[in-house]
Amino acid sequence: EAGVAQSPRYKIIEKRQSVAFWCNPISGHATLYWYQQILGQGPKLLIQFQNNGVVDDSQLPKDRFSAERLKGVDSTLKIQPAKLEDSAVYLCASSLDSTTEAFFGQGTRLTVV
Amino acid sequence: RKEVEQDPGPFNVPEGATVAFNCTYSNSASQSFFWYRQDCRKEPKLLMSVYSSGNEDGRFTAQLNRASQYISLLIRDSKLSDSATYLCSKGSYIPTFGRGTSLIVHP
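Just so you know, the protein sequences line up as chains F and V, in that order. The numbering used here numbers the first residue of the first sequence as 1319 and each following residue consecutively. The numbering used here numbers the first residue of the second sequence as 7 and each following residue consecutively.
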């Protein structure tokens, strides 16, 4: 069974530039998550989708971050403009529903310089 | 208070030792709990689910104590390869992760 696919694996951008991450969840998984993980910390939920609807985005900095999940499958996360403190690993995960285990992609390591 | 709290460690133990981690949680409405393992610069991967009756998988045992609102992970006969960060997660309408506990197993 194919896992969660993410791209790119690594990205280096200058502050104030924009960047986009892509995620393809496991087939049939209705719930999709984007997490931000800063070194030494646990994953912090940015946004949670159920199919193509947003369940929670309370920790998403909406002035610069946006995410969408068109057609309830693939998802993109965008940052515009990026700040130095956005340097982190962005993990996409999916699950059958929010009470079952999550399966993570390999993540995108973002460095903002 | 954070919804899920863990001691970040590190826990530094010799091979063969038994080590236990606890994870406390708030908001007891959650029905499901999980332990994930995260290796350095890798994504978290499910280690085991935590059931009310307890769950054992080889050298690993997970327990749930609803009255005191914590889950635990016990690792027996630690191996060098067990060195990693262990994340607990509370499954709910909006799942939450702890910050992880670092385990270092040395020869």
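The beta carbon of each residue, even a glycine, is placed where N, CA and C say it ideally should be.
The beta strand (DSSP E) with E1386 of chain F in it runs from where to where?
Counting along the chain, the beta strand (DSSP E) containing E1386 of chain F begins and ends at F1383 to E1386.
May I ask you to list, following chain order, the residues of the stretch 47-67 of chain V that have a beta carbon less than 9 Å from some beta carbon of chain F?
Taking 9 Å as the cut-off between beta carbons, the residues of the stretch 47-67 of chain V near chain F are R47, K48, E49, P50, K51, L52 and S55, in sequence order.
Under 8 Å between C-beta atoms, does A1348 of chain F make it to chain V?
Answer no: the Cβ-Cβ gap between A1348 of chain F and chain V never drops below 8 Å.
Classify K96 of chain V: buried if its beta carbon has 16 or more other beta carbons within 10 angstroms, exposed otherwise.
Within 10 angstroms of the beta-carbon of K96 of chain V lie 16 or more other beta-carbons, which makes it buried.
Could you pull the DSSP bridge partners for R1427 of chain F from this structure?
According to the DSSP secondary-structure assignment, R1427 of chain F is paired through a beta bridge with F:Y1328 and F:V1407.
Return no unless some Cβ of chain V is closer than 8 Å to the Cβ of L1363 of chain F.
With 8 Å as the cut-off, L1363 of chain F counts as an interface residue toward chain V.
Can you find the residues in the same chain that come closer than 7 Å, C-beta to C-beta, to A1348 of chain F, ignoring five residues on each side of it along the sequence?
In the same chain as A1348 of chain F, and ignoring 5 residues on each side of it, the C-beta atoms closer than 7 Å to its own belong to Q1368, N1369, L1414 and D1415, in chain order.
Kindly indicate which three-state DSSP category S1413 of chain F falls into: helix, strand or coil?
Of the three classes helix, strand and coil, the one that applies to S1413 of chain F here is strand, per DSSP.
How would you list, in chain order, the residues of chain V whose beta-carbon sits under 9 Å from the beta-carbon of V1373 of chain F?
Among the residues of chain V, those whose CB is under 9 Å from the CB of V1373 of chain F are Y99 and I100, following chain order.
Starting from the beta carbon of E1419 of chain F, find every residue of chain V whose beta carbon is closer than 9 Å, and list them in chain order.
Result: S38, F40, Y42, L52, S55, S95 and G97.
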